[in-house]
Amino acid sequence: MSKICPGFGHEHEKAIQISKRPSSFSEGDLSVFEDEREINLKLRTFLDHKYIRLETVRTNGKVVATPVWFVEFDETIFVRSYADSGKVKRMRNNPQAWVTPADVMGHPKGDPLEGEARFVDDLTAVKVSQLLHRKYGLMKVYFDLWGAVKQQDWAVVSIHI
22 MSKICPGFGH
32 EHEKAIQISK
42 RPSSFSEGDL
52 SVFEDEREIN
62 LKLRTFLDHK
72 YIRLETVRTN
82 GKVVATPVWF
92 VEFDETIFVR
102 SYADSGKVKR
112 MRNNPQAWVT
122 PADVMGHPKG
132 DPLEGEARFV
142 DDLTAVKVSQ
152 LLHRKYGLMK
162 VYFDLWGAVK
172 QQDWAVVSIH
182 I
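Using our numbering, you'd call the opening residue of the sequence shown number 22 and step up by one each time.
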């Protein structure tokens, strides 16, 4: 469901598509489609933003907010950061996270959504890196070069709403 890379996930138009009930389904099966519609509408709020406010939890219980780049595809939000960064360490210790559309300074531009952070496999990490490049262009190239100079490893995390 990415508007930025038609090769991965779905086209932008499908991101706001609402499933229709097949005639073979009974009324009890409608909850599946209502859940899908709710997810699509929630993630739709992120489509026109370049930053999200990612809130993670320290081991002492304090919530820390950080503005980060992100991409969305396959009904999931993905972020990438240095593997030894505070936000990555916090997500390793506690997968609970909140995401909110935000400006570059992390000021919220919508309502927060609670999700669960999961570290992704290498193939997904490559896809996310390509999506980030399409969305952020030369700025991503700059950060990749800076990370290479500093010999940093990257961590890619999916946030499941």
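By construction, the Cβ of each residue, glycine as well, lies at the ideal position given by its N, Cα and C atoms.
Hey, how far is the Cα of residue 156 from the Cα of residue 81?
35 Å
Tell me the DSSP bridge mates of residue 175?
103
My output table needs one value for residue 139: the three-state DSSP class, helix, strand or coil.
Three-state result, residue 139: strand.
Expressed to the nearest angstrom, what Euclidean distance is found between the alpha-carbon atoms of residue 174 and residue 165?
10 Å
Buried or exposed, going by whether 16 or more other CB atoms sit within 10 Å of the CB of residue 47?
Only weak support is given to the placement of residue 47: the predicted model assigns it a pLDDT of 45, under 50, and the value that follows is read from those uncertain coordinates. By the neighbour-count rule (16 or more Cβ atoms within 10 Å), residue 47 is not buried but exposed.
Given 6 Å as the limit, tell me if residue 108 has its C-beta closer than that to any heavy atom belonging to the ligand NAP.
The model on display carries no ligand, and the ligand NAP is accordingly not part of it.
What separation, rounded to the nearest whole angstrom, lies between the Cα atoms of residue 152 and residue 91?
9 Å
Distance between residue 88 and residue 126 (C-alpha atoms, nearest Å)
6 Å
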